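J.: Chains F and A, in that order, are what the protein sequence lines are.
Quick note on numbering: the first sequence equals residues -2 to 322 in this note's numbering.
Quick note on numbering: the second sequence equals residues -2 to 322 in this note's numbering.
Beta carbons: idealized from backbone N, C-alpha and C, even for Gly.
As the structure is a prediction and not an experimental result, all values here were calculated from the model.
Protein chains: 2
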Amino acid sequence: MRLGIYGYGNLGRGVECAVLQNPDMELVRVFTRRSPAGVKTLTGVPVASADDVKMYRNDIDVMIVCGGSATDLPVMTPMLAEHFNVVDSFDNHSHIPDHFAAVRDAANAGGHLALISAGWDPGMFSLARLYASCILPEGKDYTFWGRGVSQGHSDAVRRIDGVLDARQYTIPVESAIERVRNGEQPELTVREKHTREVYVVAKDSADRARIEREIKGMPAYFADYDTTVFFITAEEMKRDHSELPHGGFVIRSGVTGLNREHRHVIEYSLKLDSNPEFTSSAIVAFARAIGRMAARGETGARTVFDIAPADLSPLSREELRAHML
Amino acid sequence: MRLGIYGYGNLGRGVECAVLQNPDMELVRVFTRRSPAGVKTLTGVPVASADDVKMYRNDIDVMIVCGGSATDLPVMTPMLAEHFNVVDSFDNHSHIPDHFAAVRDAANAGGHLALISAGWDPGMFSLARLYASCILPEGKDYTFWGRGVSQGHSDAVRRIDGVLDARQYTIPVESAIERVRNGEQPELTVREKHTREVYVVAKDSADRARIEREIKGMPAYFADYDTTVFFITAEEMKRDHSELPHGGFVIRSGVTGLNREHRHVIEYSLKLDSNPEFTSSAIVAFARAIGRMAARGETGARTVFDIAPADLSPLSREELRAHML
């Protein structure tokens, strides 16, 4: 299966590495909006200009669209879906229906197949929620994120006057997780589920007390959370906070029995050293499914909910039944 | 969707209760090999003789086959698949390919659709292994079971001379789980992964030391494990050991990155008050999918690997995308 990468940042590099672990796949080309001559890939895969992408329509079975969900993917994925089978990792949950419709229409117009929102949330966490809610209809589910770096929250802090750099960690509250694991089905406020830690490199001249107040009072991002702010040096930032770990927990507890007398807890959790590389690895598995389904003549748009798990695997269905069931 | 239950033991009663939680489903009839007049269902669903099952072929959309994997299901599921869409929970892992072939041939002959091996292992644990191995191809996975009652091991102890009743608990070794969770990828022997506890009610006249020796030395069942034997009274057995809890953990750790420098751990775990009721709840969700797929004209045999998750849910694909992705 021949893949292309459209957009070469953290996610694109993650896809490039993930392809190396999948011998049935080959990375044909990376497309960039920058000058191709200035982009050097990790594995020597050739680089072409994003402007020329349509020239490669016969060379690529599935295009992985690697861009931001705010402004890149709403434009890029429909544009590419008209000419390629595509997979993206659109993660703006509230805009998924609109994005799906736009991608579906473009894919149908071009006779291609598209999958949106691959990754882990949306993605594997969505699957965990879906399976668990179908098995335990009388129950309640909880998603906890972290410990991990939130790029959006880090960016928000960087926009504060006097801040040179910032890194924000989302941290699940262990005692809340324990209550959910015990099947209590508690009602939890935002504050009771997660805390936040912010590491800030400030200008020497900056008023640190003012920066800390601005962070902690920021609506939507921090005001509803218990937030701790640490001021550190640029060296400490580079040494201790250059990785992008993340993870989290999806837990559903529910009851069965004639009198609801039996409790059950289903938990799915991830502990990730590198958020972009894990997301990329999931994307590549779903790209395999999309390539196969397209080869079977399917067109239009799909999500992870529509993919039969066997299509993700390099093994045949016979092998899966014999060795993995 | 109209369901039937073929075989009315713990699993059949679990299915009966699970249907109550799924308003889009209706339980039409229970079939028993005993005298129907002597079987009273929990919810008053009418009972018919297994001998008459074919008379109901137009009244039932999906038949749930509830029997043992050793001798019941290899006969019952193919027999029924010729006349009904069926779901079973065949759990004899090494015989799955043979069972699949027999069920597939019968279902194809009758123009029906069948799903084998629904439940949690095989079933949800198989799905956890499959998804995780596709996302992290360079990794290793581990399945731990328990703490829970193993019926097969309990039965084996009951066959020892002088034993009136027995209950066997499989217990995962917490320190082994922790090593796997930390991404160590250890090589673990059978003994290092699980311990066993056996509760025995012995005849007054029985030689307890001999019973304990026979249990601990039993090949395949106990000889490779650290086993602890407790002798208890019949009253204690009834009071403390009449439930059938179970559960376990599927954990995969793997690496990503150009130099395999990032570690990731994916964990799926279950904590179940009632093994048969949870298994039944999973079966009912997969029965929904089989009913829908059969209505779309699909025939033959499937496993959980072949089912698009959206087909398990009572919600539409639009609703799932909007609220669960």
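Return the Cβ separation of isoleucine 168(A) and glycine 143(A) in integer angstroms, given the expectation that the two are a contact with Cβ distance under 8 Å.
T.: As a working note, residue 168(A) is residue 171 in the second sequence. As a working note, residue 143(A) is residue 146 in the second sequence. That pair is a contact at about 5 Å.
J.: Could you check whether the Cβ of asparagine 19(A) sits closer than 8 Å to any Cβ belonging to chain F?
T.: As a working note, residue 19(A) is residue 22 in the second sequence. Closer than 8 Å to some Cβ of chain F, the Cβ of asparagine 19(A) qualifies, so yes.
J.: Going by DSSP, name the residue or residues bridged to leucine 267(F).
T.: As a working mapping, residue 267(F) is identified with position 270 in the first sequence. According to DSSP, leucine 267(F) bridges with Gly245(F), Ile263(A).
J.: Can at least three beta-carbon pairs, one atom from the stretch 9 to 19 of chain A and one from the stretch 48 to 58 of chain A, be found at a separation below 8 Å?
T.: no
J.: Can you tell me whether DSSP reads leucine 234(A) as helix, strand or coil?
T.: Here residue 234(A) refers to the residue found at position 237 when the second sequence is read from its first residue. Before going on, a small fix: residue 234(A) reads as methionine here, not leucine. Methionine 234(A): helix per DSSP, three-state reduction.
J.: Is the stretch 156 to 166 of chain F close to the stretch 304 to 312 of chain A, with three or more CB pairs under 8 Å?
T.: No: fewer than three Cβ pairs fall under 8 Å.
J.: Let me check understanding here. Comparing Cα to Cα, which of Pro33(F), Val301(F), Ala15(F), Glu233(F) lies closest to alanine 286(F)?
T.: The residue labelled residue 286(F) in the question sits at position 289 within the first sequence. Ranking Pro33(F), Val301(F), Ala15(F), Glu233(F) by Cα distance to alanine 286(F) puts Val301(F) first.
J.: Anyone know if the C-beta pair for glycine 116(A) and serine 86(A) falls short of 8 Å?
T.: Taking the second sequence and counting its residues from 1, one reaches residue 116(A) at position 119. Taking the second sequence and counting its residues from 1, one reaches residue 86(A) at position 89. A contact, by the Cβ cut-off of 8 Å.
J.: Quick one: is alanine 358(A) near chain F, going by C-beta distance under 8 Å?
T.: The shown model of chain A, from -2 to 322, leaves out residue 358(A), and the question about it has no answer.
J.: Leucine 110(F) bridges to which residues according to DSSP?
T.: Counted from its first residue, the first sequence places residue 110(F) at position 113. Leucine 110(F) pairs with Gly297(F).
J.: Could you tell me the alpha carbon to alpha carbon distance between arginine 178(F) and glycine 108(F), rounded to whole angstroms?
T.: For the purposes of this step, residue 178(F) is taken as the residue at position 181 of the first sequence. For the purposes of this step, residue 108(F) is taken as the residue at position 111 of the first sequence. So the alpha carbons of these two residues sit roughly 46 Å apart.
J.: Run through chain A and tell me which residues come within less than 9 Å of glycine 254(F), C-beta to C-beta.
T.: Here residue 254(F) refers to the residue found at position 257 when the first sequence is read from its first residue. Neighbours of glycine 254(F) on chain A, chain order: Gly11, Cys14, Asp270, Ser271, Glu274.
J.: Output, in chain order, the set of chain F residues within a Cβ distance shorter than 7 Å of isoleucine 304(A).
T.: The count along the second sequence starts at 1 and reaches residue 304(A) at position 307. Ala305, listed in chain order.
J.: Cβ of alanine 291(F) within 8 Å of Cβ of asparagine 82(F)?
T.: Taking the first residue of the first sequence as position 1, residue 291(F) is located at position 294. Taking the first residue of the first sequence as position 1, residue 82(F) is located at position 85. Yes.
J.: Mind checking if asparagine 86(A) is an interface residue toward chain F, Cβ cutoff 8 Å exclusive?
T.: The residue you call residue 86(A) lines up with position 89 of the second sequence. Per the sequence presented here, residue 86(A) reads as serine, with asparagine not at that position. So no, serine 86(A) is outside the interface.
J.: Could you give the distance in angstroms between the alpha-carbon of alanine 104(F) and the alpha-carbon of leucine 70(F)?
T.: Looking up residue 104(F) in the first sequence gives position 107. Looking up residue 70(F) in the first sequence gives position 73. Using only the alpha carbons, I get a separation of about 14 Å.
J.: At a CB-CB cut-off below 8 Å, which residues of chain F make contact with arginine 374(A)?
T.: Nothing about residue 374(A) can be reported from this structure: the residues present for chain A run from -2 to 322 only.
J.: Take the Cβ of arginine 193(F) as the centre, count every other Cβ of all protein chains shown within 10 Å, and call the residue buried at 16 or more, exposed below.
T.: Here the question's residue 193(F) lines up with position 196 in the first sequence. Taking every protein chain shown into account, the CB of arginine 193(F) has 16 or more other CB atoms within 10 angstroms, so this residue is buried.
J.: Answer with yes or no whether the minimum CB distance from cysteine 63(A) to chain F is below 8 Å.
T.: Counted from its first residue, the second sequence places residue 63(A) at position 66. Not a single CB atom of chain F sits nearer than 8 Å to the CB of cysteine 63(A).
J.: Alpha carbon to alpha carbon, how far is valine 44(F) from proline 134(A)?
T.: Start at 1 with the first residue of the first sequence, and residue 44(F) comes out as number 47. Start at 1 with the first residue of the second sequence, and residue 134(A) comes out as number 137. Rounded to the nearest angstrom, the two C-alpha atoms are 26 Å apart.
J.: On the DSSP bridge assignment, give the partners of glutamate 23(A) in chain order.
T.: In the second sequence, counting from the first residue as 1, residue 23(A) sits at position 26. Arg(-1)(A), per the DSSP bridge assignment.
J.: Are any of the Cβ atoms in chain F nearer than 8 Å to that of arginine 126(A)?
T.: As a working mapping, residue 126(A) is identified with position 129 in the second sequence. Closer than 8 Å to some Cβ of chain F, the Cβ of arginine 126(A) qualifies, so yes.
J.: May I ask you to report which of helix, strand or coil DSSP gives alanine 203(A)?
T.: Along the second sequence, read from residue 1 onward, the residue named residue 203(A) stands at position 206. The answer is coil: DSSP assigns alanine 203(A) none of H, G, I, E or B.
J.: Output needed in chain order: residues of the stretch 234 to 263 of chain A with a Cβ under 7 Å from some Cβ in chain F.
T.: Thr253, Gly254, Leu255, His259, Arg260, His261, Val262, Ile263
J.: Who are alanine 129(A)'s beta bridge partners in DSSP?
T.: Along the second sequence, one-based indexing puts residue 129(A) at 132. DSSP, once it has assigned bridges, lists no residue as partnering alanine 129(A).
J.: Verify the CB distance criterion: does threonine 74(F) have a CB-CB separation below 8 Å to chain A?
T.: Position 77 of the first sequence, counting from 1, holds the residue named residue 74(F). Any Cβ of chain A closer than 8 Å to the Cβ of threonine 74(F) would place that residue at the interface, and such an atom is absent.
J.: Whose C-alpha, out of Val72(F), Tyr3(F), Gly120(F), Met76(F), is nearest the C-alpha of valine 42(F)?
T.: Locating residue 42(F) in the first sequence gives position 45, counting from the first residue. Comparing Cα-Cα distances from valine 42(F) to each of Val72(F), Tyr3(F), Gly120(F), Met76(F), the minimum goes to Tyr3(F).
J.: For arginine 210(F), is the classification buried or exposed, using 16 other Cβ atoms within 10 angstroms of its Cβ as the cut-off for buried?
T.: Locating residue 210(F) in the first sequence gives position 213, where the first residue counts as 1. Counting Cβ neighbours within 10 Å, arginine 210(F) comes out exposed, since fewer than 16 surround it.
J.: Cα separation between valine 187(F) and alanine 220(F)?
T.: Working through the first sequence from its first residue, we reach residue 187(F) at position 190. Working through the first sequence from its first residue, we reach residue 220(F) at position 223. Cα-Cα distance, rounded: 10 Å.
J.: Just checking, does the stretch 266 to 281 of chain F make contact with the stretch 241 to 248 of chain F on the three C-beta pairs under 8 Å criterion?
T.: yes
J.: Listed from N- to C-terminal order along the chain, which residues in the stretch 279 to 291 of chain F have their beta-carbon within a distance smaller than 7 Å of any beta-carbon of chain A?
T.: Ala279, Ala282
J.: From the DSSP output, in three-state form, read off arginine 144(A) for me.
T.: In the second sequence, residue 144(A) corresponds to position 147, counting from 1. Arginine 144(A) falls in the coil class under three-state DSSP.
J.: Would you please verify whether the beta carbon of arginine 164(A) is less than 8 Å from any beta carbon of chain F?
T.: The residue given as residue 164(A) occupies position 167 in the second sequence. Closer than 8 Å: no.
J.: Mind pulling the chain A residues with CB within less than 7 Å of serine 123(F)?
T.: Within the first sequence, the letter at position 126 stands for residue 123(F). Those are Met321, Leu322, listed as they occur along chain A.
J.: Are histidine 261(F) and serine 250(F) touching if we call contact CB-CB under 8 Å?
T.: The residue given as residue 261(F) occupies position 264 in the first sequence. The residue given as residue 250(F) occupies position 253 in the first sequence. Cβ distance < 8 Å, so histidine 261(F) and serine 250(F) count as in contact.
J.: Phenylalanine 97(F) versus chain A: which residues are under 7 Å apart at the beta carbon?
T.: Looking up residue 97(F) in the first sequence gives position 100. Near phenylalanine 97(F) (Cβ distances below 7 Å), the residues of chain A are Arg318.
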